[in-house]
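Residue numbers (full-length UniProt numbering): 1 to 140. Backbone N, C-alpha and C define an ideal beta-carbon position, used for all residues, glycine too. Given the structure is predicted, the values throughout are model-derived calculations rather than measurements.
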Amino acid sequence: MLKIAKEFSFDIAHMLDGHDGKCRNLHGHTYRLQVEVGGPLHASGPKAGMVMDYADLKDIVKRHVVDPMDHAFLYDTGSPRECRVATLLQELDSKVHGLPMRTTAENISAHIFHVLQDQGLPVSLIRLWETPTSYCEYSG
Numbered sequence: 001m002l003k004i005a006k007e008f009s010f011d012i013a014h015m016l017d018g019h020d021g022k023c024r025n026l027h028g029h030t031y032r033l034q035v036e037v038g039g040p041l042h043a044s045g046p047k048a049g050m051v052m053d054y055a056d057l058k059d060i061v062k063r064h065v066v067d068p069m070d071h072a073f074l075y076d077t078g079s080p081r082e083c084r085v086a087t088l089l090q091e092l093d094s095k096v097h098g099l100p101m102r103t104t105a106e107n108i109s110a111h112i113f114h115v116l117q118d119q120g121l122p123v124s125l126i127r128l129w130e131t132p133t134s135y136c137e138y139s140g
């Protein structure tokens, strides 16, 4: 099986309610995302010799991951404290995006994997850098 990958960058604000360190406070990261897909090469047609067209990969990831999350407050819908912050931000016409889980790099990586898989993308790996020196890898 052959694999291709594309990288993306976007900014997210979040907080980890109940965390025992400074990440319990509202803060932000510039995330770097690598999406790897795998499969056989197309045998014929306009995509012959490709696993997938990079432009198609970019379009799917941008539409279903980057656009909803970029420059948003990403929050855990199960956390009353984070929901309160999200409500205030919405009242102030700011962008928010809720997830049914704590917004750790690990959970965000798994979430992205499953969102893209649900779109029919043959995802084999998600690598998400939360800082330039720290990343999480999820392969299902």
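Cα-Cα, which of the options is closest to residue i?
| i | options | result |
| --- | --- | --- |
| H29 | I108, Q119 and L121 | I108 |
| R63 | M15, F10, R81 and L41 | F10 |
| L2 | V123, C83, E130 and C136 | V123 |
| T133 | A105, V61 and V66 | A105 |
| W129 | D67, V35, R24 and K22 | V35 |
| F73 | L125, S94 and D59 | S94 |
| C83 | A110, L16, I4 and V37 | L16 |
Measuring straight from C-alpha to C-alpha, what distance separates residue i and residue j?
| i | j | result |
| --- | --- | --- |
| Y54 | R32 | 17 Å |
| G49 | K6 | 17 Å |
| G21 | G45 | 54 Å |
| I112 | R24 | 22 Å |
| T103 | A43 | 40 Å |
| G18 | V66 | 27 Å |
| D70 | E137 | 20 Å |
| I60 | P80 | 32 Å |
| A13 | G38 | 31 Å |
| G140 | H114 | 8 Å |
| L57 | T131 | 24 Å |
| A110 | M101 | 11 Å |
| V85 | Y135 | 26 Å |
| F8 | Y75 | 21 Å |
Throw me the rounded Cβ distance for the residue i and residue j pair, which I believe falls under 8 Å.
| i | j | result |
| --- | --- | --- |
| L41 | T77 | Going by Cβ atoms, the distance from L41 to T77 rounds to 41 Å, so no, they are not a contact pair. |
| I4 | M52 | 6 Å |
| H27 | P68 | Actually they do not touch by this definition, with Cβ atoms about 20 Å apart. |
Tell me, which residues are paired with residue i by DSSP?
| i | result |
| --- | --- |
| A13 | G28 and F73 |
| V123 | V37 |
With a threshold of 8 Å, are at least 3 pairs of Cβ atoms found where one atom belongs to the region 84-96 and the other to the region 112-125? no
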